[in-house]
Amino acid sequence: MNATVYSLEKVSKTYGSREVLRVDFLEIQQGEIFAIVGPSGAGKSTLLRLLDFLEPPTGGQLRFKDYSANGGRAPLEVRRRVTTVFQRPVLLNTTVYGNVAYGLKIRGDKEVQRKVKEALEQVGLSELARERARLLSGGEAQRVALARAMVIEPEVLLLDEPTANLDPYNVGLIEDIVADLNRKRGTTIVLVTHNVFQAKRLAHRVALLLEGKVVEVAPVRDFFEAPRDPRTAAFVRGEMVY
Amino acid sequence: MIISGDPALMQIVAVSLQVTGTALLLSTLVGIPLGSWLGLTRFLGRRLIIVLLYTGMGFPPVVVGLFVYLMLSRSGPLGALDFPLVPRLFTVNAMVVAQVIISFPLVAGFTMAAVMGVDPNLRQQVLSLGATNWQATLAVLMEARLGVIVSIIAGFGSIISEVGAVMMVGGNIEGATRVLTTAIVLETRKGNFDLAMALGIILLSLSFLANVIMLRLQGRTFEP
Numbered sequence: 005m006n007a008t009v010y011s012l013e014k015v016s017k018t019y020g021s022r023e024v025l026r027v028d029f030l031e032i033q034q035g036e037i038f039a040i041v042g043p044s045g046a047g048k049s050t051l052l053r054l055l056d057f058l059e060p061p062t063g064g065q066l067r068f069k070d071y072s073a074n075g076g077r078a079p080l081e082v083r084r085r086v087t088t089v090f091q092r093p094v095l096l097n098t099t100v101y102g103n104v105a106y107g108l109k110i111r112g113d114k115e116v117q118r119k120v121k122e123a124l125e126q127v128g129l130s131e132l133a134r135e136r137a138r139l140l141s142g143g144e145a146q147r148v149a150l151a152r153a154m155v156i157e158p159e160v161l162l163l164d165e166p167t168a169n170l171d172p173y174n175v176g177l178i179e180d181i182v183a184d185l186n187r188k189r190g191t192t193i194v195l196v197t198h199n200v201f202q203a204k205r206l207a208h209r210v211a212l213l214l215e216g217k218v219v220e221v222a223p224v225r226d227f228f229e230a231p232r233d234p235r236t237a238a239f240v241r242g243e244m245v246y
Numbered sequence: 002m003i004i005s006g007d008p009a010l011m012q013i014v015a016v017s018l019q020v021t022g023t024a025l026l027l028s029t030l031v032g033i034p035l036g037s038w039l040g041l042t043r044f045l046g047r048r049l050i051i052v053l054l055y056t057g058m059g060f061p062p063v064v065v066g067l068f069v070y071l072m073l074s075r076s077g078p079l080g081a082l083d084f085p086l087v088p089r090l091f092t093v094n095a096m097v098v099a100q101v102i103i104s105f106p107l108v109a110g111f112t113m114a115a116v117m118g119v120d121p122n123l124r125q126q127v128l129s130l131g132a133t134n135w136q137a138t139l140a141v142l143m144e145a146r147l148g149v150i151v152s153i154i155a156g157f158g159s160i161i162s163e164v165g166a167v168m169m170v171g172g173n174i175e176g177a178t179r180v181l182t183t184a185i186v187l188e189t190r191k192g193n194f195d196l197a198m199a200l201g202i203i204l205l206s207l208s209f210l211a212n213v214i215m216l217r218l219q220g221r222t223f224e225p
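This is the structure:
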């Protein structure tokens, strides 16, 4: 963990007259699992959309490696280095194979079959390759969404509450896959979750976001055992802080 | 008469297919992009366009025929121009113009509804996977394919069976602008019920065949 992947300075996002995000300073390092925790409406998903270049920031400087977002739409080659798995998997109305192959096909990849096969093996869904994706259970669908993101080998994988509403078995499976991906491929992972236990299990560093502002960023142990900010301490204890 | 392949009958069938086929193709080329654009974007004046489109979906064909007739007649605003691209009255091209005006609002309207029915998060998801804007639009259209094909079926249905407009702007000229529907009207008036029936059977068969082809295009979409 050395090179900086994302660097945010005074990054803000405003919808109409309502400012939903204001990050004074935040850096995310290469190869780390960086968790962003906070209550609903704290701006976590908005921050993730900025990091995925789905929306430009309203103000401030957002840098991704050698690219600096300047308010316009990020170029395709930059957007293709990052992808998001959303809380609710939106699968295409085709087979499991077709879903996982999508990102490769739009890139004109020559080894679609081999890569899809490997990705499905990684998420334990090889036997469902020819099934209609819309017939899968919630856990299986989220694993397809994860395989679809992993197969394009992104430099950064953004996870937006990937296990919310899932059973403990699927939560465990997905957490293992994510940890494995980070360990073996060195993929930088930004995990948004309101589940502090998940952040504790997976992350190297954790940030608390409250009302659009970063309250504290710390290594996982410090964040949970010796938080500097009383609001972090309260959040970690599960107390209402909003 | 059908089995023996009567040349006059075949000519009427050919003109019908030419007029409806060309009009449907043009309606699809205009209607699907227009419907997609209205379904995917939000802009000032969008509601007005949608209201106009919905009005167009319910346009009485005979009024469309009257409008095209007045526009294209020698003393009309377009006919008076004598411009090569403006079709003359009582030609196949004039009939195509009328049928496009009848069917394209249906294609665009149903496409718009189908596109709006697709999960709005799908576009965001495919963009996140690295799709270009065009690829994302195509993905949404693929998801909406059932509705898009229904829009084409609706457009086809509205013009294959249409008689008022083609009668007015085509003139029902034998060997030139006579189509199945206008021929049925004429033959019925003349008391040639056997020929009218034969034409009716052909019209129904063509409509049935076209719908079977389009349902095949929908493929497995009908499966749960």
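These protein sequence lines map, in sequence, to chains A and B.
For the first sequence, position 99 (counting from the first letter as 1) is numbered 103 according to our numbering, and the numbering increases by one without interruption.
For the second sequence, position 212 (counting from the first letter as 1) is numbered 213 according to our numbering, and the numbering increases by one without interruption.
No residue lacks a Cβ here, since even glycine has one placed at the ideal position from N, Cα and C.
Simplified DSSP assignment, three categories, for residue i
i, result
"residue 36 of chain B", "helix"
"residue 217 of chain A", "strand"
"residue 28 of chain A", "strand"
"residue 223 of chain B", "The pLDDT assigned to residue 223 of chain B is 41, lower than 50, so where the model puts this residue is not dependable; a value taken from the coordinates is nonetheless given after this. Three-state result, residue 223 of chain B: helix."
"residue 87 of chain A", "strand"
"residue 141 of chain A", "coil"
"residue 137 of chain B", "helix"
"residue 202 of chain B", "helix"
"residue 196 of chain B", "helix"
"residue 191 of chain A", "coil"
"residue 92 of chain B", "coil"
"residue 152 of chain A", "helix"
"residue 182 of chain B", "helix"
"residue 99 of chain A", "strand"
"residue 112 of chain A", "coil"
"residue 57 of chain B", "helix"
"residue 127 of chain A", "coil"
"residue 80 of chain B", "helix"
"residue 161 of chain B", "helix"
"residue 118 of chain A", "helix"
"residue 121 of chain B", "helix"
"residue 74 of chain B", "coil"
"residue 87 of chain B", "coil"
"residue 130 of chain B", "coil"
Residue i classed as buried or exposed, judged by whether at least 16 other C-beta atoms fall within 10 angstroms
i, result
"residue 249 of chain B", "Because chain B in this structure spans residues 2 to 225, residue 249 of chain B falls outside the shown range and cannot be described."
"residue 85 of chain B", "exposed"
"residue 121 of chain B", "exposed"
"residue 52 of chain B", "exposed"
"residue 17 of chain A", "buried"
"residue 100 of chain B", "buried"
"residue 88 of chain B", "buried"
"residue 21 of chain A", "exposed"
"residue 119 of chain A", "buried"
"residue 232 of chain A", "exposed"
"residue 138 of chain B", "buried"
"residue 29 of chain A", "exposed"
"residue 44 of chain B", "exposed"
"residue 190 of chain A", "exposed"
"residue 48 of chain A", "buried"
"residue 9 of chain B", "exposed"
"residue 118 of chain B", "exposed"
"residue 70 of chain B", "buried"
Listed by chain order, chain B residues near residue i by CB distance under 8 Å
i, result
"residue 68 of chain A", "Result: empty, since nearest Cβ-Cβ is about 14 Å, beyond 8 Å."
"residue 56 of chain A", "129"
"residue 80 of chain A", "131 and 133"
Beta-bridge pairing of residue i - partner residues as DSSP gives them
i, result
"residue 164 of chain A", "A:196"
"residue 73 of chain A", "A:66"
"residue 40 of chain A", "A:196 and A:211"
"residue 12 of chain A", "A:30 and A:66"
"residue 222 of chain A", "A:210"
"residue 2 of chain A", "Absent from the model: residue 2 of chain A. The displayed extent of chain A is 5 to 246, so no value can be given."
"residue 2 of chain A", "In this structure chain A extends from 5 to 246, so residue 2 of chain A is not present and cannot be described."
Under 9 Å by beta carbon: chain B residues contacting residue i
i, result
"residue 107 of chain A", "127, 130, 131 and 132"
"residue 88 of chain A", "125, 126, 129 and 130"
"residue 212 of chain A", "None at all; the shortest Cβ gap to chain B is about 25 Å."
"residue 40 of chain A", "Simply none; closest approach about 17 Å."
Within chain A, partners of residue i - CB distance below 7 Å
i, result
"residue 123 of chain B", "94"
Residue i: contacting residues in chain B (beta-carbon distance under 7 Å)
i, result
"residue 26 of chain A", "Simply none; closest approach about 23 Å."
"residue 83 of chain A", "131"
CB contact check: residue i to chain E, cutoff 8 Å
i, result
"residue 120 of chain B", "The structure shown contains no chain E; its protein chains are A and B."
Interface residues of chain A facing residue i [CB-CB closer than 9 Å]
i, result
"residue 136 of chain B", "110"
Residues of the stretch 139-167 of chain B with a CB closer than 8 Å to any CB of chain A: list them in chain order, please.
-> 140, 143 and 144
Members of the stretch 146-166 of chain A near chain B, C-beta cut-off 9 Å = 149, 152, 153, 156, 158 and 162
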